[in-house]
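Participant:
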Amino acid sequence: MEELFPPEFISGSVKKQRDLDELLAKYHDYSPWFIQVAAAWPEIRRWYEYWWPKVAPYLDKNFVSKLRMKKENSARAWEFELAVVMLEHGFELQERTGDFGPDLCIASADGKKIWIEGTTCDSGEVDPVPPRPVLIPGQIHLGGGDLETENRPRVLRITGAIGSKFEKYKKYLSNPKSGVSDKDSFIIAINGSDIEWASYSNILLKRAVFGQGPDVYVRSQSGGLAGPFYTSAPTITKKTANGEEVIPTNFMEADEFSGISAVLYCGHHAYACEGNGHKPGDCFLFAYHAKAKQPIPDQFFKFGIGIRKDLEALSISEKSQFDH
Numbered sequence: 001m002e003e004l005f006p007p008e009f010i011s012g013s014v015k016k017q018r019d020l021d022e023l024l025a026k027y028h029d030y031s032p033w034f035i036q037v038a039a040a041w042p043e044i045r046r047w048y049e050y051w052w053p054k055v056a057p058y059l060d061k062n063f064v065s066k067l068r069m070k071k072e073n074s075a076r077a078w079e080f081e082l083a084v085v086m087l088e089h090g091f092e093l094q095e096r097t098g099d100f101g102p103d104l105c106i107a108s109a110d111g112k113k114i115w116i117e118g119t120t121c122d123s124g125e126v127d128p129v130p131p132r133p134v135l136i137p138g139q140i141h142l143g144g145g146d147l148e149t150e151n152r153p154r155v156l157r158i159t160g161a162i163g164s165k166f167e168k169y170k171k172y173l174s175n176p177k178s179g180v181s182d183k184d185s186f187i188i189a190i191n192g193s194d195i196e197w198a199s200y201s202n203i204l205l206k207r208a209v210f211g212q213g214p215d216v217y218v219r220s221q222s223g224g225l226a227g228p229f230y231t232s233a234p235t236i237t238k239k240t241a242n243g244e245e246v247i248p249t250n251f252m253e254a255d256e257f258s259g260i261s262a263v264l265y266c267g268h269h270a271y272a273c274e275g276n277g278h279k280p281g282d283c284f285l286f287a288y289h290a291k292a293k294q295p296i297p298d299q300f301f302k303f304g305i306g307i308r309k310d311l312e313a314l315s316i317s318e319k320s321q322f323d324h
């Protein structure tokens, strides 16, 4: 089996910025994140090395070379982490037999397949996500602006990821080589760790896939507050060469997207969710389609948070799926 990290990268060898800069210059084709994990972050490196032999059968044959690349690193690391989470929580994955098809496949006990297609969000070029602020020691960063303004470019990144992966899913359905059937469930798994320095993941996801606006509280006659109550978010638009395009933010209730069983979202790296009694993936958010053609069985995933919309009551619930 090919080593995940090249032997010339010695774990913990980089302790100064100057040493890191020299390594980045020498391996300029490599992802800076990959180099830092390999040579400067031994704890994270050990996490990857421990899991690599276990997840390798479920990843592409050229996974190692892609993980090292600048353009591919983020997406490949997310695939790796998804495989770790599913194995950690006891799911049986189907080994890769080809390169065409979704990233992962869970074989359930009843023979039904649950396909997972992973993707990541970047800052974007049109309506980009603002860069992460540079924090100065001893100073407090307060930020600014309302939540809708802060989340708008992030919502565009998430909706764009869903739209592109759903188009890919339709190609899988039309090609028998993919193994994907309309009798199977399909999950789009999105990692937003590169866009989430100022957001609450649950609020951002509900805004992006259920069109939820700010929570509203109502003062009762006794003087107390009742709520929160669900409100609809305003329409979101994207700049294009021909003007502006209206972007749907109700994917998980719209009939045309009912082929998506769930959108899985994480605003962190999976390994960062460990500790304090938690396993990788416990910070995952599952937004389930309200009218999915192939719904995920209740309590199938026993980790993370399940988010569902009641179309009659027009309410959105968040419930823990933890089983430990």
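Sequential numbering from 1 applies to the sequence shown in my numbering. Yeah, the Cβ is synthetic: ideal placement off N, Cα and C, and Gly gets one too.
What whole-angstrom Cβ distance do glutamate 81 and proline 102 have, given they're in contact under 8 Å?
Facilitator: Actually they do not touch by this definition, with Cβ atoms about 16 Å apart.
Participant: Does chain D have any CB closer than 8 Å to the CB of glutamate 81?
Facilitator: No chain D appears in the structure shown, which is made up of a single protein chain.
Participant: Using 10 angstroms around the beta-carbon of aspartate 19, count the other beta-carbons present and answer buried if the total reaches 16, otherwise exposed.
Facilitator: Exposed, because fewer than 16 other Cβ atoms sit within 10 Å of the Cβ of aspartate 19.
Participant: Return helix, strand or coil for leucine 4, following the three-state DSSP convention.
Facilitator: Three-state DSSP puts leucine 4 in coil, outside helix and strand.
Participant: Is lysine 54 buried or exposed, if buried means 16 or more other CB atoms sit within 10 Å of its CB?
Facilitator: That one is exposed.
Participant: Output needed for isoleucine 44: all residues of its chain with C-beta closer than 7 Å, excluding positions within five of it in sequence on either side, in chain order.
Facilitator: Excluding sequence neighbours, isoleucine 44 sits near Val37 and Tyr271.
Participant: Taking C-alpha atoms, which residue in Leu204, Ile187, Gly243 and Ile188 lies nearest to serine 195?
Facilitator: For clarity, residue 195 is isoleucine in the given sequence; the question names serine instead. Among Leu204, Ile187, Gly243 and Ile188, the Cα nearest to that of isoleucine 195 belongs to Leu204.
Participant: Within the same chain, show all residues whose beta-carbon is closer than 6 Å to that of cysteine 273, passing over the 5 residues directly before and after it, in chain order.
Facilitator: Hits under 6 Å: Pro280, Asp282 and Cys283.
Participant: Can you give me the Cβ contacts of proline 57 inside the same chain, cut-off strictly under 6 Å, excluding the 5 residues immediately before and after it?
Facilitator: Within the same chain, proline 57 has close Cβ partners Glu95.
Participant: Taking DSSP as the reference, what is the three-state secondary structure of threonine 231?
Facilitator: If DSSP states are grouped into helix, strand and coil, threonine 231 belongs with coil.
Participant: Have a look at histidine 324 and glycine 213 and give me their C-alpha separation to the nearest angstrom.
Facilitator: Annotation note: pLDDT 47 at histidine 324 (below 50); position unreliable, no value reported.
Participant: Please state the DSSP three-state secondary structure of alanine 38.
Facilitator: Residue state, collapsed to three classes: helix.
Participant: Using the beta-carbon count (16 or more within 10 Å), is aspartate 29 buried or exposed?
Facilitator: Classification of aspartate 29: exposed, given that the 10 Å Cβ count is below 16.
Participant: With distances taken from CA atoms, which of Tyr27, Leu264, Glu49 and Glu2 is nearest serine 11?
Facilitator: Comparing Cα-Cα distances from serine 11 to each of Tyr27, Leu264, Glu49 and Glu2, the minimum goes to Glu49.
Participant: By the 10 Å Cβ neighbour count, where 16 or more other Cβ atoms means buried, how is asparagine 175 classified, buried or exposed?
Facilitator: Looking at its Cβ environment, which holds fewer than 16 other Cβ atoms inside 10 Å, asparagine 175 is exposed.
Participant: So what does DSSP say about glutamine 212, is it helix, strand or coil?
Facilitator: If DSSP states are grouped into helix, strand and coil, glutamine 212 belongs with the strands.
Participant: List, from N- to C-terminal side, the beta strand (DSSP E) runs of 3 residues or more that fit wholly inside the stretch 248 to 288.
Facilitator: Segments of the beta strand (DSSP E) lying fully in the stretch 248 to 288: 262 to 266 and 285 to 288.
Participant: Output needed for glutamate 79: all residues of its chain with C-beta closer than 7 Å, excluding positions within five of it in sequence on either side, in chain order.
Facilitator: If we look at glutamate 79 and ignore the five residues flanking it on each side, its Cβ neighbours are Leu59, Asp103 and Gly118.
Participant: Contact defined as beta carbons within less than 8 Å: I believe threonine 249 pairs with arginine 207. What is the distance between those atoms, to the nearest angstrom?
Facilitator: That belief holds up - the Cβ atoms of threonine 249 and arginine 207 are roughly 7 Å apart, short of 8 Å.
Participant: Using the Cα positions of leucine 93 and leucine 87, report the straight-line distance between them to the nearest angstrom.
Facilitator: Near 8 Å, if we compare the C-alpha coordinates of leucine 87 and leucine 93.
Participant: Could you check which residue in Trp52, His269 and Pro42 has the C-alpha nearest to that of leucine 4?
Facilitator: Answer by Cα proximity: Trp52.
Participant: Taking the alpha-carbon positions, what's the serine 232 to cysteine 121 distance?
Facilitator: Those two C-alpha atoms are separated by around 24 Å.
Participant: Following the continuous alpha helix (DSSP H) through lysine 26, name the residue where it begins and the one where it ends.
Facilitator: Its alpha helix (DSSP H) spans residues 17 to 26.
Participant: Between the alpha carbons of lysine 15 and proline 131, how many angstroms are there, rounded?
Facilitator: Approximately 26 Å between the Cα atoms of the pair.
Participant: Could you have a look at threonine 240 and say whether DSSP puts it in helix, strand or coil?
Facilitator: Note: threonine 240 maps to strand in three-state DSSP.
Participant: Using beta-carbon positions only, say whether serine 261 and glutamine 299 come within less than 8 Å of one another.
Facilitator: No, the Cβ-Cβ distance between serine 261 and glutamine 299 is not below 8 Å.
Participant: Can you list, in chain order, the residues of its chain whose CB lies under 7 Å from that of alanine 107, leaving out five sequence neighbours each side?
Facilitator: Hits under 7 Å: Glu92, Gln94 and Lys113.
Participant: What would DSSP say about threonine 97, mapped onto helix, strand or coil?
Facilitator: DSSP places threonine 97 in coil when its eight states are reduced to three.
Participant: So, helix, strand or coil for glycine 163, using DSSP?
Facilitator: DSSP places glycine 163 in helix when its eight states are reduced to three.
Participant: Per DSSP, what kind of secondary structure is serine 315 in: helix, strand or coil?
Facilitator: It is a strand residue.
Participant: In angstroms, rounded to a whole number, what distance separates the CA positions of lysine 171 and glutamate 312?
Facilitator: Whole-angstrom Cα-Cα distance: 33 Å.
Participant: Just to confirm the assignment, what range does the beta strand (DSSP E) spanning leucine 104 have?
Facilitator: Looking at the DSSP string, the run of the beta strand (DSSP E) that includes leucine 104 is 104 to 107.
Participant: Which one or two residues does DSSP pair with glycine 306 in a beta bridge?
Facilitator: Paired residues: Phe286 and Lys319.
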